[in-house]
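Undergrad:
2 protein chains.
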Amino acid sequence: MDFSSKLLEQAVDEMSQLPGIGKRTALRLVLHLLRQPEAQTSQLSDALLKLRQNIKLCRNCYNISDTELCEICSNPSRISEIVCVVEDIRDVMAIENTDQYRGHYHVLGGKISPMDGVGPSQLNIKPLIEKVKEGKIEEIIFALSSTLEGDTTNFYIFKQLEGTNVKTSTIARGISVGDELEYADEVTLGRSITNRIPFENSMKG
Amino acid sequence: MDFSSKLLEQAVDEMSQLPGIGKRTALRLVLHLLRQPEAQTSQLSDALLKLRQNIKLCRNCYNISDTELCEICSNPSRISEIVCVVEDIRDVMAIENTDQYRGHYHVLGGKISPMDGVGPSQLNIKPLIEKVKEGKIEEIIFALSSTLEGDTTNFYIFKQLEGTNVKTSTIARGISVGDELEYADEVTLGRSITNRIPFENSMKG
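So the sequences go chain by chain: A and B. Here the first sequence stands for residues 142 to 346, numbered as in the working numbering. Here the second sequence stands for residues 142 to 346, numbered as in the working numbering.
(1) Helix, strand or coil for E280 of chain B, going by three-state DSSP, please let me know.
(2) Going by beta carbon distance, what residues of the same chain come within less than 8 Å of I253 of chain B, once the five residues before and after it are set aside?
(3) Contact criterion: CB-CB distance below 8 Å. Does Q241 of chain B meet it with respect to chain A?
(4) If you measure beta-carbon to beta-carbon, which residues of the stretch 181–199 of chain B are closer than 9 Å to chain A?
(5) Return the residues of the stretch 227–238 of chain B that lie within a Cβ-Cβ distance of less than 8 Å from chain A, sorted by chain order.
(6) Based on the DSSP output, what are the partners of I223 of chain A in its beta bridges?
(7) Is there a C-beta anywhere in chain A that falls below 8 Å from the one on I205 of chain B?
(8) Per DSSP, what are the beta-bridge partners of Y246 of chain B in this structure?
(9) On the criterion of 16 or more Cβ atoms from any shown chain inside 10 Å, does Q151 of chain B qualify as buried, or is it exposed?
(10) By the criterion of Cβ-Cβ separation under 9 Å, what are the contact partners of M156 of chain B in chain A?
(11) Should S186 of chain A be labelled buried (16 or more other beta-carbon atoms within 10 Å of its own) or exposed?
(12) P105 of chain B touches chain A at which residues, Cβ-Cβ below 8 Å?
(13) Taking DSSP's pairing of strands, which residues face S254 of chain B in a bridge?
(14) Apart from the five residues just before and just after E228 of chain B, which ones in its own chain have a Cβ nearer than 7 Å to its Cβ?
(15) Nearest-angstrom Cα distance between G315 of chain B and F340 of chain B?
(16) To the nearest angstrom, report how far apart L330 of chain A and A313 of chain B are at their CA atoms.
(17) One question on the structure: do I196 of chain B and L175 of chain A come within less than 8 Å of each other, judged by their Cβ atoms?
(18) Which one of B:S145, B:Q177, B:S146 has the shortest CA to CA distance from Q158 of chain A?
(19) Give the residues of chain E in contact with A152 of chain B, contact being defined as C-beta atoms less than 8 Å apart.
(20) Of all the CB atoms in chain A, is at least one closer than 8 Å to the CB of P147 of chain B?
(21) Where does E303 of chain A land, buried or exposed, given buried means 16+ other C-beta within 10 angstroms?
(22) Less than 8 Å between CB atoms is the rule here; does I223 of chain B satisfy it with respect to chain A?
(23) Based on DSSP bridge pairs, tell me the residues matched to T288 of chain A.
(24) Is any beta-carbon of chain B found at less than 8 Å from that of D143 of chain A?
(25) In chain B, what lies closer than 9 Å to I213 of chain A by C-beta?
(26) Check whether chain B comes within 8 Å of E179 of chain A, counting only Cβ atoms and requiring the distance to be less than that.
(27) To the nearest angstrom, how far is it from the Cα of T311 of chain B to the Cα of D232 of chain A?
(28) Are the stretch 159–171 of chain B and the stretch 198–208 of chain B touching by the rule of at least three beta carbon pairs closer than 8 Å?
(29) DSSP three-state label for S333 of chain B, please.
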């Protein structure tokens, strides 16, 4: 693209570094900002910079937080002995939105993926194992995505926990509430049948 | 969405003000920035702010520019007597990319659209008429989109130019180079036939 302005070119270049934003979209977004009051750009620019410079990872669960200890870990009414292991903060938000979970989290920061050069040492696995060995955790709930990488990560952590007497579970996989059986994929439907639950339990919640 | 961090919430809120960016996409983009070196965020933030604060509109053609007079208007090898009237800066970039045009531009900054509350006075129409009346322009090429608003704007300017002896033309509409006739819409194909050109001319360029 041929820009008549260096300032515009730089803004578009930086904007198009974001994932899923090409040069054309970046140009559209930047031109939109030019049509808006200057305050909108300065607020956006300020919010991004402040976030990047001041954000912390909770020292207990590695969730994103404004403080040393995140809101969940510092809430005394949450059950610290139950820990749900997730990949990133979006999973924490998804589970929190269900209002069905009162335990703590542990954010790994990714999944083991040799293809992408991510090994166990790049993830927050060690602190989790330590917490278990210190006897602070009674149950670990694995809530990673059920991909090859997710399963590998689950299994790696599970192996590391051998010898401890922590209870482990994984979230239930099955067909979505409201879905038609005929459109469900066979792996999911198969798991739904294998992991069937007593009918009385399905009436709760 | 339930954010564990005020900083994150603010950044996502600001990001989702951009057109076509919802809360989920904004969150994805912001979390991406958190995983990148701090420099990337500060460069993005800086580029947007600098652009918004320092960008100028060329005093001759209203194109976006870093200087008082844009690169095109200040280039002595461009023909200032031919002026292509376009809606916004993206159209300038599109025509510049063809490398087929050596004249000047005039950026209107929009189209007349009573539905959106845009009248002729909000657009840069007056300076164009003045330039014509001062005898500085020999030919005006209308290159607005062929929508109701585009046609209205063309016609409004055309009427304003009555009594001057400026030449007016519009860019050719027809089916795209390489397109199959059977898939072309009938209006476009109709115009292609009405505005047919001598065969010799089609061999150029």
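C-beta: ideal position from N, C-alpha, C; glycine also.
TA: Short version:
(1) Sequence index remark: in the second sequence, residue 280 of chain B carries index 139 (1-based). Looking at E280 of chain B - three-state DSSP - the assignment turns out to be strand.
(2) Residue numbering aside, residue 253 of chain B sits at position 112 when the second sequence is read from its first letter. Only V259, G260, P261, L264, E290, T293, T294, Y297 meet the Cβ criterion.
(3) The residue given as residue 241 of chain B occupies position 100 in the second sequence. The beta carbon of Q241 of chain B sits no closer than 8 Å to any beta carbon of chain A.
(4) Those would be Q181, T182, S183, Q184, L185, S186, D187, A188, L189, L190, K191, L192, R193, Q194, N195, I196, K197, C199, in chain order.
(5) Within the stretch 227–238 of chain B, the residues whose Cβ lies closer than 8 Å to some Cβ of chain A are D229, I230, R231, V233, M234, E237, N238, listed in chain order.
(6) Indexing the first sequence from 1 puts residue 223 of chain A at position 82. I223 of chain A is bridged by DSSP to A:E280.
(7) By one-based count along the second sequence, residue 205 of chain B stands at place 64. Look at I205 of chain B: its C-beta is under 8 Å from a C-beta on chain A.
(8) Translated into positions along the second sequence, residue 246 of chain B becomes position 105. According to DSSP, residue pairing for Y246 of chain B in a beta bridge involves B:C225.
(9) Position 10 of the second sequence, counted from the first residue, corresponds to residue 151 of chain B. The residue in question, Q151 of chain B, is buried, as its Cβ has 16 or more Cβ neighbours within 10 Å.
(10) The sequence position of residue 156 of chain B within the second sequence is 15, counting from 1. Going along chain A in sequence order, the residues near M156 of chain B (Cβ under 9 Å) are L185, A188, L189.
(11) Reading the first sequence from its first residue, position 45 is the one you call residue 186 of chain A. Its Cβ being crowded by 16 or more others within 10 Å, S186 of chain A is buried.
(12) Because chain B is modelled from 142 through 346, residue 105 of chain B falls outside the range shown and cannot be assessed.
(13) Locating residue 254 of chain B in the second sequence gives position 113, where the first residue counts as 1. Looking at the DSSP output, S254 of chain B sits in a beta bridge with B:V259.
(14) Position 87 of the second sequence holds residue 228 of chain B. Here the set comprises L249, G251, K252, L285, S286.
(15) Translated into the one-based positions of the second sequence, residue 315 of chain B becomes position 174. Translated into the one-based positions of the second sequence, residue 340 of chain B becomes position 199. The alpha-carbon atoms of G315 of chain B and F340 of chain B are separated by roughly 15 Å.
(16) Locating residue 330 of chain A in the first sequence gives position 189, counting from the first residue. Locating residue 313 of chain B in the second sequence gives position 172, counting from the first residue. Using only the alpha carbons, I get a separation of about 58 Å.
(17) By one-based count along the second sequence, residue 196 of chain B stands at place 55. By one-based count along the first sequence, residue 175 of chain A stands at place 34. Contact: yes.
(18) For the purposes of this step, residue 158 of chain A is taken as the residue at position 17 of the first sequence. If we check each option's Cα against that of Q158 of chain A, B:Q177 comes out closest.
(19) Looking at the structure shown, chain E is missing, and the protein chains on hand are A and B.
(20) Position 6 of the second sequence, counting from 1, holds the residue named residue 147 of chain B. Checking the displayed sequence, the identity of residue 147 of chain B turns out to be Lys instead of Pro. Any Cβ of chain A closer than 8 Å to the Cβ of K147 of chain B would place that residue at the interface, and such an atom is present.
(21) Counting from 1 along the first sequence, the entry for residue 303 of chain A is found at position 162. Label assigned to E303 of chain A: exposed.
(22) Looking up residue 223 of chain B in the second sequence gives position 82. Not one beta carbon of chain A lies nearer than 8 Å to the beta carbon of I223 of chain B.
(23) Working through the first sequence from its first residue, we reach residue 288 of chain A at position 147. According to DSSP, residue pairing for T288 of chain A in a beta bridge does not occur.
(24) Locating residue 143 of chain A in the first sequence gives position 2, where the first residue counts as 1. Interface residue, yes.
(25) Locating residue 213 of chain A in the first sequence gives position 72, where the first residue counts as 1. Going along chain B in sequence order, the residues near I213 of chain A (Cβ under 9 Å) are S145.
(26) One-based indexing of the first sequence puts residue 179 of chain A at position 38. For E179 of chain A, the answer is yes, since a Cβ of chain B falls inside 8 Å of its Cβ.
(27) Residue numbering aside, residue 311 of chain B sits at position 170 when the second sequence is read from its first letter. Residue numbering aside, residue 232 of chain A sits at position 91 when the first sequence is read from its first letter. Each residue's Cα considered, the two are about 54 Å apart.
(28) Because the criterion of three Cβ pairs below 8 Å is not met, the stretch 159–171 of chain B and the stretch 198–208 of chain B do not touch.
(29) In the second sequence, counting from the first residue as 1, residue 333 of chain B sits at position 192. DSSP places S333 of chain B in helix when its eight states are reduced to three.
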